[in-house]
Amino acid sequence: MEDLDQTFIQAPEHRADSNSIPNQPEEIPVIDLSRLNDPEDIQNVISEIGDACETWGFFQVINHGVPCDARKRVEETVKIFFDLPMEEKIKVKRDEVNPAGYHDGEHTKNVRDWKEVFDIYFKDPMVMPSSTDPEDEGLRVVYNKWPQFPSDYREACQEYAGHAEKLAFRLLELISLSLGLPKERFHDYFKEQMSFFRINRYPPCPRPDLALGVGHHKDADVISLLAQDDVGGLQISRRSDGVWFPIRPVPNALVINIGNCMEVWTNDKYWSAEHRVVVNSTRERYSIPFFLLPSHDVEVKPLEELLSPENPPRYKGYKYGKFYVSRNRSDFKKLEIQNIQIDDFKVVT
Numbered sequence: 001m002e003d004l005d006q007t008f009i010q011a012p013e014h015r016a017d018s019n020s021i022p023n024q025p026e027e028i029p030v031i032d033l034s035r036l037n038d039p040e041d042i043q044n045v046i047s048e049i050g051d052a053c054e055t056w057g058f059f060q061v062i063n064h065g066v067p068c069d070a071r072k073r074v075e076e077t078v079k080i081f082f083d084l085p086m087e088e089k090i091k092v093k094r095d096e097v098n099p100a101g102y103h104d105g106e107h108t109k110n111v112r113d114w115k116e117v118f119d120i121y122f123k124d125p126m127v128m129p130s131s132t133d134p135e136d137e138g139l140r141v142v143y144n145k146w147p148q149f150p151s152d153y154r155e156a157c158q159e160y161a162g163h164a165e166k167l168a169f170r171l172l173e174l175i176s177l178s179l180g181l182p183k184e185r186f187h188d189y190f191k192e193q194m195s196f197f198r199i200n201r202y203p204p205c206p207r208p209d210l211a212l213g214v215g216h217h218k219d220a221d222v223i224s225l226l227a228q229d230d231v232g233g234l235q236i237s238r239r240s241d242g243v244w245f246p247i248r249p250v251p252n253a254l255v256i257n258i259g260n261c262m263e264v265w266t267n268d269k270y271w272s273a274e275h276r277v278v279v280n281s282t283r284e285r286y287s288i289p290f291f292l293l294p295s296h297d298v299e300v301k302p303l304e305e306l307l308s309p310e311n312p313p314r315y316k317g318y319k320y321g322k323f324y325v326s327r328n329r330s331d332f333k334k335l336e337i338q339n340i341q342i343d344d345f346k347v348v349t
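Residue 1 is where the sequence shown starts when you use UniProt numbering, and the numbers rise one by one after that.
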């Protein structure tokens with residue numbers, strides 16, 4: 001990644017200085033989950049989460065129960081791996097057949113990202129559709145890849161992912177309650193969950209004005225939990241006007257955002273915000289997201305309980321696994337056409 005070639009260059013309207021307010025004083029909410037221990041404050045927390053999901057699609061949580069020691073251990077361990085020579089890292093390189101492991105050529109919206117990643121499925125092995133063909137009911141099994149060094153890489157990552165998954169379901173229940181639904185309303189969608197855990201490394205970039213660590217996108221999952229370091233770089237697009245502004249790193253906090261599935265389930269009440277990562281020329285940045293994904297056979301569509309004659313369904317249903325493997329194709333190479341997006345399932349009115 002020493003040289004910036006044409007594959008990294010963003011279109012002018014998508015570069016870091018486009019339509020952005022770098023010193024935006026407005027902040028997404030920071031919600032203290034320890035308040036859930038106070039019976040008189042629980043409903044306030046639930047309401048704040050619901051308001052954040054509707055207004056921003058993003059919020060941060062503190063006192064969330066994910067141990068700082070587990071996070072610190074995985075941060076230290078993965079840095080050792082990413083500092084290894086490339087010939088060692090590519091021994092666990094992922095590909096289009098098995099999308100777990102190391103990768104340094106990921107594309108977002110057909111432009112290459114300035115980053116390295118390592119992907120780990122929460123369930124190992126994990127089942128997904130074998131093709132994007134809607135008529136093909138075939139499945140395939142994918143396995144995680146683990147480096148030989150550092151020796152505790154697997155243990156550190158699995159420990160942290162276990163804590164992140166537990167928090168993800170806790171937040172899912174709170175979001176369900178915020179919608180006036182039973183707290184376990186969504187649980188059946190995750191019997192064979194496709195959730196995965198990722199480590200992102202963003203090296204210093206010689207032209208941060210031209211490239212992005214991750215291009216503009218919406219997450220295709222249910223909810224995402226992100227641990228980011230103190231360097232910063234995550235930006236989101238404001239729902240009210242589309243202006244980009246940064247998410248300020250808060251020590252030991254986790255950034256939570258709503259994905260496409262929740263946006264569809266709530267029929268656009270809750271917002272899957274577009275976001276991106278800007279890079280800099282002097283400091284590397286690490287972030288660790290956990291993506292909560294439903295089972296491959298789940299049909300994602302607006303929940304009947306939230307529909308009415310005044311609020312008809314805004315999306316056609318889609319099989320999550322097929323959507324996932326279709327999206328996954330563009331991670332590896334530039335496509336001649338735009339990849340599948342959630343708006344492709346919008347009901348035309």
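Just so it is clear, CB atoms sit at the ideal spot from N, CA and C, and this is done for glycine as well.
Query	Result
What is the rounded straight-line gap between the Cα of V45 and the Cα of L33?	8 Å
What did DSSP end up calling D119 once you bin it into helix, strand or coil?	strand
Counting Cβ pairs closer than 8 Å, one from the region 287-305 and one from the region 183-195, do we hit at least three?	yes
Which residues share a DSSP beta bridge with G101?	D119
Can we say the region 240-252 touches the region 141-152, given the rule of at least three CB pairs closer than 8 Å?	no
Can you check which of these residues, N267, G57, V277, I223, is closest to E304 by C-alpha distance?	N267
Less than 8 Å between the C-beta atoms of I236 and A211, yes or no?	no
So what's M1 in DSSP terms, helix, strand or just coil?	Here the model assigns M1 a pLDDT of 46, short of 50, so the residue's position is not dependable and the matter cannot be decided.
Please report how far the alpha carbon of P302 lies from the alpha carbon of D136, in whole angstroms.	25 Å
Who does residue 361 pair with in a DSSP beta bridge?	The chain is shown from 1 up to 349; residue 361 falls before or after that span and cannot be answered.
Looking only at C-alpha atoms, which of D104, S178, T77 sits nearest to E87?	D104
What ranges does the alpha helix (DSSP H) occupy inside the region 103-185, keeping only unbroken runs of at least 4 residues that lie completely in it?	153-178
Tell me which same chain residues have a C-beta within less than 7 Å of the C-beta of C157, skipping the five on either side of it?	V74, I120, F197
Checking 8 Å against the spacing of the C-beta atoms, do F82 and S195 come in under that value?	no
Would you check if the region 50-61 and the region 256-265 touch, i.e. whether three or more CB-CB distances between them fall below 8 Å?	yes
Comparing alpha-carbon positions, which option in R276, T7, A16, N110 lies nearest D209?	A16
Expressed to the nearest angstrom, what Euclidean distance is found between the alpha-carbon atoms of M1 and D221?	With a pLDDT of only 46 at M1, under the threshold of 50, the placement of this residue in the model should not be trusted; the figure read from the coordinates follows. Distance between the alpha carbons of M1 and D221 is about 29 Å.
Identify, in the order they occur along the chain, each residue of the same chain with its Cβ nearer than 7 Å to the Cβ of V214, setting aside the five sequence neighbours on each side.	T108, D113, K115, R276, V277
For I80, which of V111, I31, F149, N19 has the nearest alpha-carbon?	F149
For W244, which three-state DSSP category applies?	strand
Tell me the residue span of the beta strand (DSSP E) that contains A227.	223-228
To the nearest angstrom, how far is it from the Cα of E173 to the Cα of L226?	18 Å
From what residue to what residue does the alpha helix (DSSP H) around Q43 run?	42-55
Mapping the DSSP letters down to three states, classify N19 as helix, strand or coil.	coil
Kindly indicate which residue of T282, A161, P39, R94 has the alpha-carbon position closest to the one of R71.	A161
Would you tell me roughly how many angstroms separate the C-alpha atoms of V300 and F169, rounded to the nearest one?	18 Å
Is it buried or exposed for E263, if we count other Cβ within 10 angstroms and need 16 for buried?	buried
What residues match up with L212 in a beta bridge as DSSP calls it?	Answer is none; L212 lacks a bridge partner.
Using beta-carbon positions only, say whether L306 and I223 come within less than 8 Å of one another.	no
My understanding is that Y320 touches V347, with C-beta atoms under 8 Å, so please give their C-beta distance in whole angstroms.	Contact flag wrong, Cβ pair sits at about 18 Å.
I'd like the list of long-range same chain contacts for G102, defined as Cβ closer than 6 Å, with 5 residues on each side in sequence excluded.	Sequence inspection shows Tyr at residue 102; the Gly mentioned does not correspond to that position. K89, V92, K93, F118.
I need the boundaries of the alpha helix (DSSP H) containing N260, first residue and last residue.	260-265
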